[in-house]
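Notes for the one structure printed next.
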Amino acid sequence: MTADVTKTPVPAAITTPSSVEAGVGTLEFTDGYPTEQTASKLRDHLDYLHGVEAFMNTVQGVSTYALRRGFLDAGVMDGDVLLFSELMDSRSLFLTGNADTVYFWSFLDLTRGPLVVQTPPDSLGIFDDLWFRWISDFGLPGADRGKGGTYLLAGPGYDGPLPEGGYYVRHSRTNLVALLGRSFINQNPGNDPAPTVDQIKEQMEIYPFVPGGVGSSIGAFLTGRGPLGQLVTPHSPRFVEGTGLAMNTLPPADFGHYEMLDALVQMEPAEALDTELAGQFAAIGIVKDEKFAPDARLRKILGDAAAVANAASRTLGMGAHPTDDFRYYDGSAWWNMLWVGGYEFTNPPPMITADGIEPFPNKGARQLNGRTSFFYTATGTTPAMCMRLTGVGSQYLVSNVDPDGEPFDGAKTYRVALPKDIPAARFWSFTLYDNQTRSMLQTEQRYPRAGSQEYPSPATEAEPDGSTVVYFSPSRPDDVAKGNWIQTDPERGWFVILRLYSPLQPFFDKTWRPGEIEPVR
Numbered sequence: 001m002t003a004d005v006t007k008t009p010v011p012a013a014i015t016t017p018s019s020v021e022a023g024v025g026t027l028e029f030t031d032g033y034p035t036e037q038t039a040s041k042l043r044d045h046l047d048y049l050h051g052v053e054a055f056m057n058t059v060q061g062v063s064t065y066a067l068r069r070g071f072l073d074a075g076v077m078d079g080d081v082l083l084f085s086e087l088m089d090s091r092s093l094f095l096t097g098n099a100d101t102v103y104f105w106s107f108l109d110l111t112r113g114p115l116v117v118q119t120p121p122d123s124l125g126i127f128d129d130l131w132f133r134w135i136s137d138f139g140l141p142g143a144d145r146g147k148g149g150t151y152l153l154a155g156p157g158y159d160g161p162l163p164e165g166g167y168y169v170r171h172s173r174t175n176l177v178a179l180l181g182r183s184f185i186n187q188n189p190g191n192d193p194a195p196t197v198d199q200i201k202e203q204m205e206i207y208p209f210v211p212g213g214v215g216s217s218i219g220a221f222l223t224g225r226g227p228l229g230q231l232v233t234p235h236s237p238r239f240v241e242g243t244g245l246a247m248n249t250l251p252p253a254d255f256g257h258y259e260m261l262d263a264l265v266q267m268e269p270a271e272a273l274d275t276e277l278a279g280q281f282a283a284i285g286i287v288k289d290e291k292f293a294p295d296a297r298l299r300k301i302l303g304d305a306a307a308v309a310n311a312a313s314r315t316l317g318m319g320a321h322p323t324d325d326f327r328y329y330d331g332s333a334w335w336n337m338l339w340v341g342g343y344e345f346t347n348p349p350p351m352i353t354a355d356g357i358e359p360f361p362n363k364g365a366r367q368l369n370g371r372t373s374f375f376y377t378a379t380g381t382t383p384a385m386c387m388r389l390t391g392v393g394s395q396y397l398v399s400n401v402d403p404d405g406e407p408f409d410g411a412k413t414y415r416v417a418l419p420k421d422i423p424a425a426r427f428w429s430f431t432l433y434d435n436q437t438r439s440m441l442q443t444e445q446r447y448p449r450a451g452s453q454e455y456p457s458p459a460t461e462a463e464p465d466g467s468t469v470v471y472f473s474p475s476r477p478d479d480v481a482k483g484n485w486i487q488t489d490p491e492r493g494w495f496v497i498l499r500l501y502s503p504l505q506p507f508f509d510k511t512w513r514p515g516e517i518e519p520v521r
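See below:
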């Protein structure tokens, strides 16, 4: 038999059989064309897939929106500063907040033009946009290097005059900017936060930028290179007390995620997103300047998608995904996803050498699991949260399970030993969090923390060999110092974060390593 020279051989691998068995069921085709039932089934499945993607790839944006919503609901308006004068306690539902530093938080609205922010000295702070994308550090890792600085924030599309000098000028892709600041108390007598709070109130300023004023010379006006404006008297923002404030800043874990996502998309310019990500939203009906109105069919599908996406995000956020290499030490439960992908979730943070930084090879891909893991349990992003520089910034290790891989049980007693010479130049701490809320665990112990500071709870006491042992249990064990115990709730699972402020070299080269959190038999 001779081959038909009028036809090109067609490999079976490029064709679609008349019947395909798949996870969604039997898919049927008539010579490559789907039956009506198959097309309908695949439409539902695609909507489901896009729903899962749109949830997991927007955890960061919806979290920021929920954070601002929580501020507004608590009476903290844009431009106000939420200030925790006695530190954050467990009354406030914030993703993994600490009880070690004086927090000051604000949302800044740039829709009417740039804003000027005078930041206080001796702080760690960041400006992030409404998608938790890093804009700038301020404070110790920022351009002011901890001396306090004058930052000018310009929003998307701003093309007006900018000053010749005198400001650190930064640009945001969104009109709303999140300001997250932490100031220290370890240098104060008795770790009293009052002097730190007074310094923030005295030196922090937020006010509109006036073109042609401070930062613009008369010569620029006379030569036609800029306007001549009025000098503005800087003024302090309204400070709202945060300590003890019962407020909820957590994002929803159900269909409400998509409703918040839609609200976020509508309130910011379309250019704030890349088209690929925006396409995931559009596939489920979330489009800029269009009403999000899913019918009963799509609403049910998105409800199912949210349930699975939240479960997957939670698995990543608890460090339990079986193939992610987030562990900081071999054979240990201590982990941090940032050491795998850095603050942009692309490449590990660069090595620091005598010749400068040595970046890792660029893989050219976003580490989606790492990004979802981080933002499911944390807020804010900056290079300072994951860098190999000693004596600057802060570093974090998370533990969710005991050495046998069992999650921590609030009804049991656990202990952990930290070897002597804990590598933190400023201070270190443990803070306990509720598995469900990822916020501070609520018990009779108002501040669920232990550490080297003597406020807001007593400092830990070291063992004779210099090590430090901390216990976690519903009631304080006999002969355990008050500062060496964190209370748990028998009805709640928990996890813990170890914080090292101004970390030292033994942390980075791993010659110092915390013990595992072990049940007391």
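First residue of the sequence shown? That's 1 in full-length UniProt numbering, and the numbers climb one at a time after it.
Note that CB positions come from ideal geometry on N, CA and C, so glycine has one too.
Using DSSP bridges, identify the partner residues of residue i.
i           : result
residue 418 : 468
residue 451 : 429
residue 128 : 134 and 178
residue 247 : 92
residue 33  : 30
residue 107 : 178
residue 356 : 353
residue 171 : 154
residue 387 : In the DSSP output, where bridge partners are listed per residue, residue 387 has none listed.
residue 440 : 433
residue 512 : In DSSP, residue 512 forms no bridge with anything.
residue 82  : 105 and 240
What's the C-alpha gap between residue i and residue j?
i           : j           : result
residue 376 : residue 134 : 17 Å
residue 291 : residue 50  : 18 Å
residue 345 : residue 248 : 27 Å
residue 101 : residue 443 : 20 Å
residue 436 : residue 403 : 22 Å
residue 12  : residue 36  : 24 Å
residue 260 : residue 417 : 42 Å
residue 218 : residue 119 : 27 Å
residue 317 : residue 429 : 21 Å
residue 458 : residue 413 : 20 Å
residue 24  : residue 46  : 11 Å
residue 401 : residue 179 : 33 Å
residue 170 : residue 158 : 12 Å
residue 209 : residue 224 : 20 Å
residue 188 : residue 195 : 7 Å
residue 385 : residue 343 : 7 Å
residue 524 : residue 41  : Since the displayed the chain opens at 1 and closes at 521, residue 524 lies outside it and no answer follows.
residue 441 : residue 410 : 10 Å
residue 163 : residue 220 : 10 Å
residue 509 : residue 388 : 9 Å
residue 132 : residue 382 : 9 Å
residue 326 : residue 319 : 7 Å
residue 356 : residue 136 : 21 Å
residue 284 : residue 44  : 11 Å
residue 477 : residue 244 : 28 Å
Drop a sphere of 10 angstroms on the beta-carbon of residue i, count the other beta-carbons inside from all chains shown, and report buried for 16 or more, exposed for fewer.
i           : result
residue 5   : exposed
residue 94  : buried
residue 463 : exposed
residue 114 : buried
residue 446 : buried
residue 362 : exposed
residue 329 : exposed
residue 514 : buried
residue 226 : buried
residue 520 : exposed
residue 30  : exposed
List the whole-angstrom C-beta distance separating residue i from residue j, where the pair is believed to meet the contact cut-off of C-beta under 8 Å.
i           : j           : result
residue 193 : residue 85  : 6 Å
residue 83  : residue 197 : 7 Å
residue 55  : residue 257 : 6 Å
residue 504 : residue 323 : About 32 Å separates the two Cβ atoms, so there is no contact after all.
residue 422 : residue 48  : Between residue 48 and residue 422 the Cβ distance is about 48 Å, and since that is not below 8 Å, they are no contact.
residue 350 : residue 341 : The pair is not a contact, with the Cβ atoms about 13 Å apart (cut-off 8 Å).
residue 214 : residue 166 : 6 Å
residue 460 : residue 473 : Contact flag wrong, Cβ pair sits at about 15 Å.
residue 153 : residue 117 : 7 Å
residue 80  : residue 232 : Not quite, the Cβ-Cβ distance comes to about 19 Å (not below 8 Å), so this is no contact.
residue 175 : residue 96  : That pair is no contact at about 27 Å.
residue 106 : residue 237 : 7 Å
Exercise. Is the stretch 484–500 touching the stretch 390–403 in the sense that three or more CB pairs, one from each, lie closer than 8 Å?
Worked result: yes
For this session: Please confirm if the stretch 135–144 is in contact with the stretch 116–125, defined as three or more CB-CB distances below 8 Å between the two stretches.
Result: yes
For this session: Decide if the stretch 52–65 is in contact with the stretch 258–274; the criterion is three or more beta carbon pairs, one per stretch, under 8 Å apart.
Result: Contact holds: three or more Cβ-Cβ distances are below 8 Å.
Problem set entry | Given 8 Å, three or more beta-carbon pairs between the stretch 234–254 and the stretch 299–308 | Touching, per the Cβ criterion.
Exercise. Using 8 Å as the threshold, is the stretch 364–380 in touch with the stretch 333–340, meaning 3 or more CB pairs across them?
Worked result: yes
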